[in-house]
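Enquirer:
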Amino acid sequence: MDNPEIAWSAPRGAVVLGLIGAVGLLAAVFLSGLDGPGRLLLGVAGVAVGAAAVFGLRARPRLAATDDSLTLRGLLGARVWPWTRVDAVRVVRMRRLGLPAAYLEIDARDDDGTERLLVLGRLELGTDPVDVADALQAHRARAGRGGAPSAADAAGGGAADDAAEGEVAQRDRGDEGDDDRRGDPQADDRA
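FYI, in UniProt numbering the residues of the sequence shown are 1 to 191.
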């Protein structure tokens, strides 16, 4: 079987900017005339930005797929799930800070049966999560997993939705009616 790999990761430009920003913030700790607490804040910010940039370098590619498996790379290495252990691939849409955001959600099971929910955003993927979900669904269908039920459905959990039928499920949360606000922790403040 032809086994083409497709992969997604944070844009190199964002990683480079993160490294430059971390160096700049850490240099400002020593070169600025700030008091102790101000220098501490700059130092913490520099370390945080640097850690995010190092993660962006180390976890490349962040997500990869072949016709046989799905791979998620992190700081400590890669985790691989064969498509038989990937129960659902969907896009979740919500509002964050008043702006629309889309996230890729993947339900996967480890060899020991432990369920994993992988949530990846646009920055981690370097592209629109909807496009990634479409590509993953194509790989999943080639592996014969397009119509497989999710783990919750197999256990009688009743979470059947479009993802169980191999389609990309898209849910909108946040700004339309009271029922849609249940996924938005700030909904009580706006009501």
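Virtual Cβ for every residue (Gly too), placed ideally from N, Cα, C. The model shown is predicted, which means the values in this text are computed figures rather than measured ones.
Taking buried to mean at least 16 other C-beta atoms within 10 Å of its own C-beta, is Ala-10 buried or exposed?
Expert: By the 10 Å Cβ count, Ala-10 comes out buried.
Enquirer: Looking only at DSSP bridge pairs, what is Val-132 linked to?
Expert: Bridge partners of Val-132: none, in fact.
Enquirer: May I ask you to report which of helix, strand or coil DSSP gives Leu-123?
Expert: Helix, per DSSP.
Enquirer: Measuring straight from C-alpha to C-alpha, what distance separates Gly-46 and Ala-141?
Expert: For Gly-46 and Ala-141, the distance between alpha carbons rounds to 44 Å.
Enquirer: How should Val-49 be labelled, buried or exposed, when 16 other C-beta atoms within 10 angstroms of its C-beta is the threshold for buried?
Expert: That one is buried.
Enquirer: Counting Cβ pairs closer than 8 Å, one from the region 25 to 45 and one from the region 99 to 118, do we hit at least three?
Expert: Touching, no.
Enquirer: Between Ala-143 and Asp-68, which are expected to be in contact by the criterion C-beta below 8 Å, what is the C-beta distance as a whole number of angstroms?
Expert: Confirmed, about 7 Å.
Enquirer: Using the C-alpha atoms, what's the distance from Ala-133 back to Arg-122?
Expert: Approximately 12 Å between the Cα atoms of the pair.
Enquirer: Flag this pair as yes or no: are the beta carbons of Ala-22 and Ala-53 separated by less than 8 Å?
Expert: In this structure, Ala-53 lies closer than 8 Å to Ala-22 by Cβ.
Enquirer: I need the DSSP call for Pro-100, collapsed to helix, strand or coil.
Expert: In this structure, Pro-100 counts as strand in the three-state DSSP scheme.
Enquirer: Report all residues from its chain with a CB closer than 7 Å to the CB of Trp-8; omit the five preceding and five following residues, and keep chain order.
Expert: Around Trp-8: Pro-61, Arg-62, Leu-63, Leu-125, Gly-126, Thr-127 and Val-132.
Enquirer: As an exercise, report each continuous beta strand (DSSP E) stretch of at least 3 residues that is fully enclosed by the region 26 to 90, in chain order.
Expert: List check, beta strand (DSSP E) in window: 63 to 65, 69 to 74 and 77 to 82.
Enquirer: In angstroms, rounded to a whole number, what distance separates the CA positions of Glu-165 and Gly-56?
Expert: Here the model assigns Glu-165 a pLDDT of 37, short of 50, so the residue's position is not dependable and the matter cannot be decided.
Enquirer: Can you give me the start and stop residues for the beta strand (DSSP E) that Ala-7 sits inside?
Expert: Start and end: 6 to 8.
Enquirer: Quick check: what's the CA-CA separation for Glu-5 versus Ala-138?
Expert: When rounded, the distance between both Cα atoms is 12 Å.
Enquirer: Beta-carbon within less than 6 Å of Val-119's beta-carbon, same chain only, minus the 5 sequence neighbours each way: which residues are those?
Expert: Answer for Val-119: Tyr-103 and Glu-105, listed in chain order.
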